[in-house]
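Below is one structure, written out as C-alpha coordinates, with a few remarks after it.
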Amino acid sequence: MSTKEELSLTLYHYLSRIIGAEDIVKTRQNIFKVMDFVMNDNDGFTFISSGSKAEGIDLKGSDFDRMIVLKMVHVYESFHYATYAANRIFILLDHTDTPSGFTKLKLYDNLPKCIPVIGQCSQTLGQETYISSKLFREYFLSDNMIIHGPCQSLPGDVYDRVVCFRCKPWIALAQPWINRSQSTWPDYEQKFYNIREQNKSVYKQFDITFSCYRFGLYCDALSYWLLLASFMYQHKRFKECIDIVIYCLSKSTLDKIFLQATNSLEEQTLYEKTKRVVGLLVTCKYLIIKNMFLSLHFIYCQQNCQHHQTTQKPS
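If you count by this note's numbering, then the sequence shown holds residues 689 to 1003, one letter each, in order.
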(Lines of atoms letter the chains of each structure in order from A and count residues from 1; the text may use other names and numbers.)
(Lines give C-alpha, C1' and ligand atoms only; values in the text may rest on other atoms or scores of the structure.)
Protein backbone atom coordinates (compact mmCIF):
# COMPACT_ATOMS: atom_id res chain seq x y z
CA MET A 1 0.00 0.00 0.00
CA SER A 2 1.38 3.39 -1.03
CA THR A 3 1.86 6.31 1.34
CA LYS A 4 -1.08 8.21 -0.20
CA GLU A 5 -3.36 5.20 0.23
CA GLU A 6 -2.28 4.82 3.84
CA LEU A 7 -2.95 8.50 4.52
CA SER A 8 -6.37 8.28 2.85
CA LEU A 9 -7.29 5.21 4.90
CA THR A 10 -6.09 6.84 8.11
CA LEU A 11 -8.12 9.98 7.35
CA TYR A 12 -11.18 7.85 6.56
CA HIS A 13 -11.01 6.03 9.91
CA TYR A 14 -10.41 9.31 11.73
CA LEU A 15 -13.46 10.95 10.15
CA SER A 16 -15.54 7.83 10.78
CA ARG A 17 -14.84 8.11 14.50
CA ILE A 18 -15.84 11.80 14.53
CA ILE A 19 -18.71 11.93 12.02
CA GLY A 20 -19.82 8.30 12.08
CA ALA A 21 -19.40 5.28 9.87
CA GLU A 22 -20.93 5.24 6.40
CA ASP A 23 -23.96 3.16 7.45
CA ILE A 24 -24.62 5.50 10.40
CA VAL A 25 -24.53 8.56 8.12
CA LYS A 26 -26.92 6.88 5.67
CA THR A 27 -29.28 5.99 8.50
CA ARG A 28 -29.36 9.61 9.63
CA GLN A 29 -30.05 10.74 6.06
CA ASN A 30 -32.85 8.19 5.68
CA ILE A 31 -34.50 9.47 8.85
CA PHE A 32 -34.88 12.93 7.29
CA LYS A 33 -35.94 11.43 3.94
CA VAL A 34 -38.74 9.48 5.59
CA MET A 35 -39.70 12.51 7.70
CA ASP A 36 -40.09 14.62 4.54
CA PHE A 37 -42.00 11.80 2.83
CA VAL A 38 -44.49 11.54 5.70
CA MET A 39 -44.90 15.30 6.15
CA ASN A 40 -45.45 15.84 2.42
CA ASP A 41 -48.64 13.75 2.52
CA ASN A 42 -50.78 16.88 2.53
CA ASP A 43 -52.33 19.36 0.10
CA GLY A 44 -50.89 22.53 1.61
CA PHE A 45 -47.10 22.37 1.88
CA THR A 46 -44.02 20.62 0.53
CA PHE A 47 -41.26 20.12 3.12
CA ILE A 48 -37.62 19.93 1.96
CA SER A 49 -34.98 19.19 4.60
CA SER A 50 -31.37 20.29 4.19
CA GLY A 51 -28.45 21.43 6.29
CA SER A 52 -25.66 19.37 7.78
CA LYS A 53 -27.96 17.28 9.98
CA ALA A 54 -30.14 16.28 7.02
CA GLU A 55 -26.91 15.31 5.24
CA GLY A 56 -26.12 12.87 8.05
CA ILE A 57 -23.57 14.98 9.93
CA ASP A 58 -24.36 15.41 13.63
CA LEU A 59 -21.56 17.48 15.18
CA LYS A 60 -21.39 20.42 17.52
CA GLY A 61 -22.57 23.40 15.49
CA SER A 62 -24.51 21.29 12.97
CA ASP A 63 -27.79 22.92 11.97
CA PHE A 64 -31.05 21.81 10.40
CA ASP A 65 -32.56 23.80 7.54
CA ARG A 66 -36.03 23.34 6.09
CA MET A 67 -37.72 24.83 3.06
CA ILE A 68 -41.54 24.94 3.19
CA VAL A 69 -43.17 25.47 -0.21
CA LEU A 70 -46.81 26.59 -0.42
CA LYS A 71 -48.38 24.27 -2.99
CA MET A 72 -51.40 26.47 -3.76
CA VAL A 73 -49.25 29.41 -4.92
CA HIS A 74 -47.71 29.28 -8.40
CA VAL A 75 -45.38 32.02 -9.60
CA TYR A 76 -45.09 32.96 -13.29
CA GLU A 77 -43.26 35.66 -15.20
CA SER A 78 -46.23 36.03 -17.51
CA PHE A 79 -49.80 34.89 -17.17
CA HIS A 80 -49.43 33.45 -20.67
CA TYR A 81 -47.55 30.47 -19.18
CA ALA A 82 -50.03 29.83 -16.39
CA THR A 83 -52.23 26.73 -16.39
CA TYR A 84 -55.60 27.37 -14.80
CA ALA A 85 -56.74 25.30 -11.84
CA ALA A 86 -59.42 26.09 -9.29
CA ASN A 87 -57.12 25.49 -6.31
CA ARG A 88 -54.25 27.71 -7.49
CA ILE A 89 -53.20 31.24 -6.66
CA PHE A 90 -51.30 33.02 -9.41
CA ILE A 91 -48.52 35.48 -8.64
CA LEU A 92 -46.56 37.35 -11.28
CA LEU A 93 -42.90 38.39 -11.21
CA ASP A 94 -42.37 42.13 -11.59
CA HIS A 95 -38.76 43.19 -12.22
CA THR A 96 -39.40 46.92 -12.59
CA ASP A 97 -37.32 49.13 -10.29
CA THR A 98 -35.62 46.17 -8.60
CA PRO A 99 -31.89 45.46 -8.27
CA SER A 100 -30.31 42.54 -10.07
CA GLY A 101 -31.22 39.21 -8.50
CA PHE A 102 -34.40 40.58 -6.87
CA THR A 103 -38.03 40.76 -7.96
CA LYS A 104 -41.43 41.89 -6.73
CA LEU A 105 -44.32 39.43 -6.40
CA LYS A 106 -47.54 40.90 -7.79
CA LEU A 107 -51.03 39.48 -7.41
CA TYR A 108 -52.74 38.86 -10.75
CA ASP A 109 -56.08 39.89 -9.23
CA ASN A 110 -57.49 40.66 -5.78
CA LEU A 111 -59.40 37.39 -5.34
CA PRO A 112 -56.58 35.64 -3.39
CA LYS A 113 -56.69 38.41 -0.76
CA CYS A 114 -59.59 36.56 0.86
CA ILE A 115 -57.05 33.88 1.86
CA PRO A 116 -55.52 34.93 5.21
CA VAL A 117 -51.86 34.40 4.34
CA ILE A 118 -52.24 36.45 1.14
CA GLY A 119 -54.56 39.12 2.53
CA GLN A 120 -52.43 39.82 5.61
CA CYS A 121 -49.12 39.80 3.72
CA SER A 122 -50.07 41.97 0.75
CA GLN A 123 -49.72 45.72 0.22
CA THR A 124 -51.34 47.88 -2.45
CA LEU A 125 -49.18 50.46 -4.24
CA GLY A 126 -51.24 52.53 -6.65
CA GLN A 127 -53.32 50.08 -8.66
CA GLU A 128 -51.10 47.04 -8.05
CA THR A 129 -51.01 44.67 -5.07
CA TYR A 130 -47.76 43.01 -4.02
CA ILE A 131 -46.64 40.44 -1.46
CA SER A 132 -44.61 42.08 1.31
CA SER A 133 -41.56 39.95 2.14
CA LYS A 134 -41.42 41.52 5.63
CA LEU A 135 -45.06 40.75 6.44
CA PHE A 136 -44.71 37.30 4.90
CA ARG A 137 -41.75 36.40 7.12
CA GLU A 138 -43.54 37.73 10.20
CA TYR A 139 -46.76 35.86 9.37
CA PHE A 140 -45.09 32.46 9.89
CA LEU A 141 -42.96 33.57 12.83
CA SER A 142 -43.50 31.48 15.98
CA ASP A 143 -43.18 32.97 19.46
CA ASN A 144 -39.84 31.27 20.14
CA MET A 145 -38.27 32.18 16.78
CA ILE A 146 -36.46 35.22 15.38
CA ILE A 147 -36.08 36.72 11.90
CA HIS A 148 -32.72 35.79 10.38
CA GLY A 149 -32.45 37.13 6.82
CA PRO A 150 -35.19 35.43 4.77
CA CYS A 151 -35.60 32.71 7.44
CA GLN A 152 -37.31 32.16 10.74
CA SER A 153 -34.69 30.75 13.13
CA LEU A 154 -34.39 29.30 16.60
CA PRO A 155 -31.87 31.02 18.91
CA GLY A 156 -28.48 29.31 18.77
CA ASP A 157 -28.51 28.74 14.98
CA VAL A 158 -29.75 25.16 15.34
CA TYR A 159 -32.80 25.43 13.07
CA ASP A 160 -33.67 27.66 10.12
CA ARG A 161 -36.80 27.49 8.02
CA VAL A 162 -38.01 29.52 5.09
CA VAL A 163 -41.56 29.54 3.70
CA CYS A 164 -41.56 30.20 -0.02
CA PHE A 165 -43.28 29.97 -3.39
CA ARG A 166 -42.19 28.00 -6.43
CA CYS A 167 -41.67 29.27 -9.97
CA LYS A 168 -41.44 26.34 -12.37
CA PRO A 169 -40.88 28.05 -15.78
CA TRP A 170 -37.45 29.27 -16.89
CA ILE A 171 -37.62 33.07 -16.54
CA ALA A 172 -36.52 35.51 -19.25
CA LEU A 173 -33.63 36.93 -17.22
CA ALA A 174 -32.05 33.47 -17.32
CA GLN A 175 -32.60 32.94 -21.07
CA PRO A 176 -29.09 34.21 -21.99
CA TRP A 177 -27.69 31.23 -20.10
CA ILE A 178 -29.38 28.92 -22.61
CA ASN A 179 -28.26 30.86 -25.70
CA ARG A 180 -24.81 31.83 -24.41
CA SER A 181 -21.70 31.33 -26.50
CA GLN A 182 -20.33 27.81 -26.24
CA SER A 183 -16.83 28.80 -27.37
CA THR A 184 -15.84 31.06 -24.47
CA TRP A 185 -17.35 30.36 -21.07
CA PRO A 186 -18.02 27.92 -19.61
CA ASP A 187 -15.14 25.83 -20.82
CA TYR A 188 -15.28 22.05 -21.29
CA GLU A 189 -14.38 21.27 -17.69
CA GLN A 190 -17.03 23.65 -16.34
CA LYS A 191 -19.71 22.22 -18.66
CA PHE A 192 -18.73 18.68 -17.67
CA TYR A 193 -18.99 19.71 -14.01
CA ASN A 194 -22.45 21.25 -14.57
CA ILE A 195 -23.72 18.13 -16.32
CA ARG A 196 -22.31 15.91 -13.58
CA GLU A 197 -23.93 18.04 -10.85
CA GLN A 198 -27.26 17.98 -12.70
CA ASN A 199 -27.11 14.20 -13.02
CA LYS A 200 -26.24 13.93 -9.32
CA SER A 201 -29.29 16.05 -8.47
CA VAL A 202 -31.61 13.85 -10.57
CA TYR A 203 -30.12 10.71 -9.07
CA LYS A 204 -30.45 12.13 -5.55
CA GLN A 205 -34.15 12.81 -6.04
CA PHE A 206 -34.59 9.31 -7.46
CA ASP A 207 -32.72 7.83 -4.50
CA ILE A 208 -34.79 9.80 -1.97
CA THR A 209 -38.11 8.68 -3.45
CA PHE A 210 -36.95 5.10 -3.93
CA SER A 211 -35.74 4.93 -0.32
CA CYS A 212 -39.15 6.05 0.94
CA TYR A 213 -40.90 3.33 -1.06
CA ARG A 214 -38.43 0.76 0.20
CA PHE A 215 -39.34 1.64 3.79
CA GLY A 216 -43.02 1.33 2.90
CA LEU A 217 -42.65 -2.24 1.68
CA TYR A 218 -42.44 -3.44 5.28
CA CYS A 219 -45.85 -2.13 6.35
CA ASP A 220 -48.32 -2.47 3.45
CA ALA A 221 -46.47 -4.52 0.89
CA LEU A 222 -48.89 -4.79 -2.03
CA SER A 223 -49.98 -1.15 -2.18
CA TYR A 224 -46.38 0.07 -1.96
CA TRP A 225 -45.23 -2.39 -4.60
CA LEU A 226 -47.87 -0.96 -6.95
CA LEU A 227 -46.79 2.57 -6.09
CA LEU A 228 -43.23 1.54 -6.86
CA ALA A 229 -44.42 0.17 -10.23
CA SER A 230 -45.94 3.59 -11.04
CA PHE A 231 -42.68 5.22 -10.01
CA MET A 232 -40.73 2.96 -12.38
CA TYR A 233 -43.19 3.71 -15.19
CA GLN A 234 -42.72 7.43 -14.67
CA HIS A 235 -38.95 7.01 -15.06
CA LYS A 236 -39.43 4.84 -18.17
CA ARG A 237 -38.19 1.71 -16.40
CA PHE A 238 -40.85 -0.35 -18.16
CA LYS A 239 -39.33 -3.80 -17.63
CA GLU A 240 -39.11 -3.29 -13.87
CA CYS A 241 -42.65 -1.89 -13.88
CA ILE A 242 -44.02 -4.97 -15.66
CA ASP A 243 -42.10 -7.35 -13.37
CA ILE A 244 -43.53 -5.64 -10.28
CA VAL A 245 -47.08 -5.68 -11.66
CA ILE A 246 -46.81 -9.38 -12.52
CA TYR A 247 -45.54 -10.10 -9.02
CA CYS A 248 -48.44 -8.14 -7.48
CA LEU A 249 -50.96 -9.97 -9.64
CA SER A 250 -49.54 -13.30 -8.50
CA LYS A 251 -50.20 -12.26 -4.88
CA SER A 252 -53.63 -10.77 -5.55
CA THR A 253 -55.88 -13.77 -5.05
CA LEU A 254 -59.66 -13.41 -4.75
CA ASP A 255 -59.65 -14.13 -1.04
CA LYS A 256 -57.49 -11.03 -0.45
CA ILE A 257 -59.94 -8.56 -2.03
CA PHE A 258 -62.12 -7.01 0.67
CA LEU A 259 -64.35 -4.01 1.04
CA GLN A 260 -63.10 -1.05 3.02
CA ALA A 261 -63.49 -1.14 6.77
CA THR A 262 -65.78 1.89 6.45
CA ASN A 263 -68.40 -0.23 4.69
CA SER A 264 -71.19 -1.45 6.92
CA LEU A 265 -71.38 -5.07 8.05
CA GLU A 266 -74.45 -5.53 5.83
CA GLU A 267 -72.55 -4.33 2.76
CA GLN A 268 -69.55 -6.55 3.50
CA THR A 269 -71.80 -9.60 3.99
CA LEU A 270 -73.61 -8.90 0.70
CA TYR A 271 -70.30 -8.53 -1.09
CA GLU A 272 -68.91 -11.84 0.20
CA LYS A 273 -72.11 -13.77 -0.61
CA THR A 274 -72.37 -12.28 -4.10
CA LYS A 275 -68.71 -13.01 -4.81
CA ARG A 276 -69.12 -16.67 -3.81
CA VAL A 277 -72.21 -17.11 -6.01
CA VAL A 278 -71.44 -15.20 -9.22
CA GLY A 279 -67.70 -14.47 -8.93
CA LEU A 280 -65.68 -11.30 -8.48
CA LEU A 281 -66.07 -9.81 -11.97
CA VAL A 282 -69.87 -9.90 -11.95
CA THR A 283 -69.90 -8.62 -8.37
CA CYS A 284 -67.78 -5.60 -9.35
CA LYS A 285 -70.40 -4.65 -11.95
CA TYR A 286 -73.05 -4.13 -9.30
CA LEU A 287 -71.15 -3.20 -6.15
CA ILE A 288 -68.66 -0.36 -5.62
CA ILE A 289 -65.50 -1.87 -4.17
CA LYS A 290 -63.63 1.40 -3.70
CA ASN A 291 -63.88 4.84 -5.23
CA MET A 292 -60.75 6.03 -7.02
CA PHE A 293 -59.90 9.68 -7.59
CA LEU A 294 -57.01 11.20 -9.53
CA SER A 295 -56.46 14.88 -8.90
CA LEU A 296 -55.67 17.11 -11.86
CA HIS A 297 -51.92 17.14 -11.15
CA PHE A 298 -51.54 13.67 -9.67
CA ILE A 299 -47.83 12.86 -9.87
CA TYR A 300 -48.31 9.36 -11.29
CA CYS A 301 -51.13 10.14 -13.71
CA GLN A 302 -49.74 8.47 -16.82
CA GLN A 303 -48.69 10.55 -19.80
CA ASN A 304 -51.25 9.02 -22.14
CA CYS A 305 -54.06 9.96 -19.71
CA GLN A 306 -52.75 13.52 -19.50
CA HIS A 307 -52.55 13.70 -23.30
CA HIS A 308 -56.12 12.46 -23.62
CA GLN A 309 -57.27 15.06 -21.13
CA THR A 310 -55.62 17.95 -22.97
CA THR A 311 -56.78 16.86 -26.43
CA GLN A 312 -60.32 15.87 -25.53
CA LYS A 313 -62.89 18.27 -26.95
CA PRO A 314 -66.48 18.71 -25.76
CA SER A 315 -69.06 17.15 -28.01
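Every residue gets a Cβ at the ideal spot worked out from N, C-alpha and C, and that includes glycine.
query: Under a Cβ-count criterion, where at least 16 other Cβ atoms within 10 Å of its own Cβ denotes burial, should Gly-837 be classed as buried or exposed?; result: exposed
query: Tell me the rounded alpha-carbon separation between Leu-697 and Lys-924.; result: 40 Å
query: From Asp-845 to Gly-749, what does the alpha carbon distance come to, in whole angstroms?; result: 8 Å
query: Which two residues bound the contiguous alpha helix (DSSP H) that contains Gln-717?; result: 710-727
query: In whole angstroms, what separates the C-alpha of His-701 from that of Leu-916?; result: 37 Å
query: Let's see if you can read the secondary structure: which residues bound the alpha helix (DSSP H) around Ile-806?; result: 804-807
query: Secondary structure at Arg-849, three-state DSSP: helix, strand or coil?; result: strand
query: To which residues of the same chain is Cys-839 closer than 7 Å at the C-beta, ignoring the five residues directly before and after it?; result: Asp-848, Arg-849 and Val-850
query: Does the contact criterion of 3 or more C-beta pairs under 8 Å hold for the segment 814-826 versus the segment 781-798?; result: yes
query: What is the residue span of the beta strand (DSSP E) that Tyr-764 lies within?; result: 752-764
query: Taking the alpha-carbon of Lys-939 as reference, which of Met-723, Asp-731, Thr-962 and Leu-914 has the nearest alpha-carbon?; result: Leu-914
query: With a threshold of 16 other CB atoms inside 10 Å of the CB of Cys-802, please say whether the residue is buried or exposed.; result: exposed
query: Candidates Val-726, Gly-732 and Met-755: which alpha carbon is nearest Gly-739's?; result: Met-755
query: Less than 8 Å between C-beta atoms, sequence neighbours within five positions excluded: which residues of the same chain meet that for Leu-747?; result: Ile-706, Ile-707 and Ser-740
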